[in-house]
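Let me begin by presenting the structure, written as structure tokens, before commenting on it.
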Amino acid sequence: MTQFKIHNQVLIQLLRITAERETMDYIIQEMKQDLDDDMPAEELVRAFAKAPDKPTKLTTYHQMIAMDKLLECAEINCRTLCDLVRYQYLKQAGIVNSVDEFLQMFRPEVNSDFVEDD
Numbered sequence: 002m003t004q005f006k007i008h009n010q011v012l013i014q015l016l017r018i019t020a021e022r023e024t025m026d027y028i029i030q031e032m033k034q035d036l037d038d039d040m041p042a043e044e045l046v047r048a049f050a051k052a053p054d055k056p057t058k059l060t061t062y063h064q065m066i067a068m069d070k071l072l073e074c075a076e077i078n079c080r081t082l083c084d085l086v087r088y089q090y091l092k093q094a095g096i097v098n099s100v101d102e103f104l105q106m107f108r109p110e111v112n113s114d115f116v117e118d119d
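Structure (structure tokens):
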């Protein structure tokens, strides 16, 4: 195996681990925010999110919340990916020249947070 292929496999593995960790952290954080004292043990939530078809000690309600948070995270990631693809094509077409222009065009609510007052 070439050095490039080895580095590529290591990079992909690191990205997978990082994405999984960030997703799990998002689910836990959001569940804690919504459930307060009714929050189940983190280990149970992580185990359920990794293998939702396996038996779990989580209540049906907790399973529903965990799955909802997982889907919410997927929606956020999908939106970000779609925005990146849109930006790439619009920049190639010469319609926008910067991320700021893109945000102003498609996500003015996000861009307004970064506008400096004169």
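Heads up, the sequence shown is in my numbering, so the first residue is 2 and it goes up one at a time. Beta carbons: idealized from backbone N, C-alpha and C, even for Gly.
- [ ] Decide if the segment 65-85 is in contact with the segment 40-50; the criterion is three or more beta carbon pairs, one per stretch, under 8 Å apart.
- [x] With the cut-off at 8 Å, the segment 65-85 and the segment 40-50 touch.
TODO: Within 10 angstroms of the Cβ of VAL11, are there 16 or more other Cβ atoms? Answer buried if so, exposed if not.
DONE: VAL11 comes out exposed.
Open item on the list: Taking the straight line between their C-alpha atoms, what separation do you get for THR102 and GLN89?
Closed with: Checking the sequence, you will find Glu at residue 102 rather than Thr. So the alpha carbons of these two residues sit roughly 12 Å apart.
Open item on the list: Can you check which of these residues, GLN64, LEU85 and ARG80, is closest to ALA42 by C-alpha distance?
Closed with: Comparing Cα positions, the closest option is GLN64.
- [ ] Give the secondary structure of LYS55 by DSSP, where H, G and I count as helix, E and B as strand, and everything else as coil.
- [x] LYS55: coil per DSSP, three-state reduction.
- [ ] Sort LYS58, CYS83 and ASP35 by Cα distance to LEU45 and report the nearest one.
- [x] The option with the nearest alpha carbon to LEU45 is LYS58.
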